[in-house]
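Asks: So that we are looking at the same thing, I have put the structure below in structure tokens.
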Amino acid sequence: MQNLSEKHFHRSSLVKLNMWITFGSGILLIFLGFINQQIFLIFGVINTILGIFQLSILNKPIISLMNNHIQIKSAPLSSTKYIKYDDIQSVENKKGNLIFHLKTNKKEKLVLNTVQKEQRDELVKELMSINHYIKEEKTNEFTH
761 MQNLSEKHFH RSSLVKLNMW ITFGSGILLI FLGFINQQIF LIFGVINTIL GIFQLSILNK
821 PIISLMNNHI QIKSAPLSST KYIKYDDIQS VENKKGNLIF HLKTNKKEKL VLNTVQKEQR
881 DELVKELMSI NHYIKEEKTN EFTH
């Protein structure tokens with residue numbers, strides 16, 4: 761997979777809306793905490809902080825296909841997952857999820873609904889082509 765040009769796939773509008781709702785509800789709860797009960801203030805601060813973390817990654821790609829690896833950053837506080845193409849045994853498109861079967865017998869899952877609707881088909885096509893590449897590699901091993 762060395763000839764792959766870098767491609768970035770961004771979050772869907774629904775995910776972005778959820779980020780704004782979290783932030784907005786935090787501000788509303790802070791306001792309610794000042795005028796009504798203190799418990800709203802605590803939840804408001806928590807929601808606002810979570811909203812700020814989420815908004816910090818608003819325009820960053822959720823998945824990037826690089827020259828020799830894949831980067832997945834699904835949540836603001838989660839670590840970025842790096843998957844080398846050489847470590848992928850197969851890719852499966854199952855019930856709206858892309859499942860990476862790794863040679864270490866681990867599985868990494870990406871929920872397709874988190875990717876922009878316009879980019880989903882292209883992402884699936886690119887990642888499913890890895891299966892073809894892996895099969896080609898295996899046949900080349902057997903013929904040499």
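Okay, so the sequence shown: first residue is 761 according to the working numbering, each after it adds one.
For each residue, glycine too, the CB sits at the ideal point set by N, CA and C.
These figures come from a predicted structure and were not determined experimentally.
Kindly indicate which residue of 780, 813 and 884 has the alpha-carbon position closest to the one of residue 837.
Replies: Along the sequence shown, read from residue 1 onward, the residue named residue 837 stands at position 77. Nearest of 780, 813 and 884 to residue 837, Cα basis: 813.
Asks: Using the Cα positions of residue 835 and residue 810, report the straight-line distance between them to the nearest angstrom.
Replies: Here residue 835 refers to the residue found at position 75 when the sequence shown is read from its first residue. Here residue 810 refers to the residue found at position 50 when the sequence shown is read from its first residue. Between the alpha carbons of residue 835 and residue 810 lies a gap of roughly 11 Å.
Asks: Please report the straight-line C-alpha distance between residue 786 and residue 771, rounded to a whole angstrom.
Replies: Start at 1 with the first residue of the sequence shown, and residue 786 comes out as number 26. Start at 1 with the first residue of the sequence shown, and residue 771 comes out as number 11. The alpha-carbon atoms of residue 786 and residue 771 are separated by roughly 22 Å.
Asks: Quick check: what's the CA-CA separation for residue 884 versus residue 853?
Replies: Residue mapping note: residue 884 aligns to position 124 of the sequence shown, counting from 1. Residue mapping note: residue 853 aligns to position 93 of the sequence shown, counting from 1. Cα to Cα, the separation comes out at about 8 Å.
Asks: Assuming residue 798 is part of the alpha helix (DSSP H), what are its boundary residues?
Replies: Against the sequence shown, residue 798 aligns to sequence position 38. Where residue 798 is concerned, the enclosing alpha helix (DSSP H) stretches over 798-816.
Asks: Do you know how far the Cα of residue 881 is from the Cα of residue 888?
Replies: In the sequence shown, counting from the first residue as 1, residue 888 sits at position 128. In the sequence shown, counting from the first residue as 1, residue 881 sits at position 121. The alpha-carbon of residue 888 is positioned some 10 Å away from that of residue 881.
Asks: Suppose the cutoff is 8 Å on Cβ atoms and the five residues either side in sequence are ignored; what does the same chain contact list for residue 776 look like?
Replies: On the sequence shown, residue 776 is found 16 positions in, with the first residue counted as 1. So the list reads 818, once near-sequence residues are dropped.
Asks: State the beta-bridge partners of residue 859 as determined by DSSP.
Replies: Residue 859 sits at position 99 when you count from the first residue of the sequence shown. DSSP, once it has assigned bridges, lists 852 and 869 as partnering residue 859.
Asks: Could you compute how far the alpha carbon of residue 847 sits from the alpha carbon of residue 831?
Replies: Against the sequence shown, residue 847 aligns to sequence position 87. Against the sequence shown, residue 831 aligns to sequence position 71. Cα to Cα, the separation comes out at about 13 Å.
Asks: Since I believe residue 823 is in contact with residue 860 (beta carbons under 8 Å), could you give me their beta-carbon distance rounded to a whole number of angstroms?
Replies: Reading the sequence shown from its first residue, position 100 is the one you call residue 860. Reading the sequence shown from its first residue, position 63 is the one you call residue 823. Rounded, the Cβ-Cβ distance is 11 Å, inconsistent with contact.
Asks: Between residue 844 and residue 833, is the Cβ-Cβ spacing less than 8 Å?
Replies: The count along the sequence shown starts at 1 and reaches residue 844 at position 84. The count along the sequence shown starts at 1 and reaches residue 833 at position 73. No; because the gap between Cβ atoms is not below 8 Å, this pair is not in contact.
Asks: Go through its chain and collect everything with a Cβ distance to residue 793's Cβ below 6 Å, but skip five positions before and after it.
Replies: Taking the first residue of the sequence shown as position 1, residue 793 is located at position 33. Within the same chain, residue 793 has close Cβ partners 800, 801 and 804.
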